[in-house]
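Per this note's numbering, the sequence shown starts with residue 249, numbered consecutively.
The block underneath contains the structure these notes are about, expressed in structure tokens.
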Amino acid sequence: METAAPLTFPAGFLWGTATAAYQIEGAAQDDGRTPSIWDVYSRTPGKVRNGDTGDVATDHYHRWREDIAIMADLGVGAYRFSVSWPRVQPGGRGPASAKGLDFYRRLADGLLDKGIRPVVTLYHWDLPQELEDA
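See the structure below:
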């Protein structure tokens, strides 16, 4: 039996991890965040097993410092996260939310402080419900 050649990655290969805002942030009603289409869908009886929602999720919105420390301990080189549209622009129209933008600024700065490259997804299927209803 032949042994398979070891798998190698090129020099400079960037190992990272990724999340989506709705799936980890929680804080569904904090700091002016408005409902997304996922909030409404997951709160509809019978749509999601056990009636689970992203209202709390892993509470990344409040625990981001701990989450960054875990990533640093794991040696993660990059973190791809999505920006919650209903958090940075409640209702999907009008001015940006200073508190929403501040969360992502603190997150990016915290990642950089630990040598982790922030990689941002601007839209990951969390359309503000107000726009869906329009």
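Cβ atoms here follow ideal geometry from the backbone N, Cα and C, with glycine treated the same way.
Coarse secondary structure for residue i, derived from DSSP in three states
i	result
PRO376	strand
ALA385	Lying outside 249 to 382, the shown extent of the chain, residue 385 is not represented and no answer is given.
TYR327	strand
ALA266	strand
Residues that residue i bridges to, as DSSP identifies them
i	result
GLY340	DSSP, once it has assigned bridges, lists no residue as partnering GLY340.
PRO293	Looking at the DSSP assignment, PRO293 forms no beta bridge with any residue, so it has no partner.
PRO366	TYR327
SER332	Answer by DSSP bridge pairing: none, since SER332 is not bridged.
Close Cβ partners of residue i (< 7 Å) along its chain, the five nearest in sequence each way excluded
i	result
ALA276	ASP287, GLY302 and ASP303
ARG291	THR301
ALA305	GLN271, ILE272, GLU273 and GLY274
LYS295	TYR289
ASP278	TYR309
Own chain residues within Cβ distance below 8 Å of residue i, not counting five before or after
i	result
ARG365	LEU262, GLY264, GLY325, ALA326, TYR327 and LEU359
SER332	ALA269, TYR270, GLU273, ARG281, SER284, GLY348 and ASP374
VAL336	ALA344, SER345, GLY348, LEU349 and TYR352
ARG354	TRP312
Neighbourhood of residue i by C-beta distance below 6 Å, restricted to the same chain and skipping five residues each side
i	result
ALA266	ARG328
ASP307	GLY274
GLU380	ILE285
HIS372	ALA268 and SER330
Problem - Segment contact, 8 Å Cβ cut-off, at least three pairs: the stretch 318-325 with the stretch 250-260 - result: No, because fewer than three Cβ pairs between the stretch 318-325 and the stretch 250-260 fall closer than 8 Å, the two stretches do not touch.
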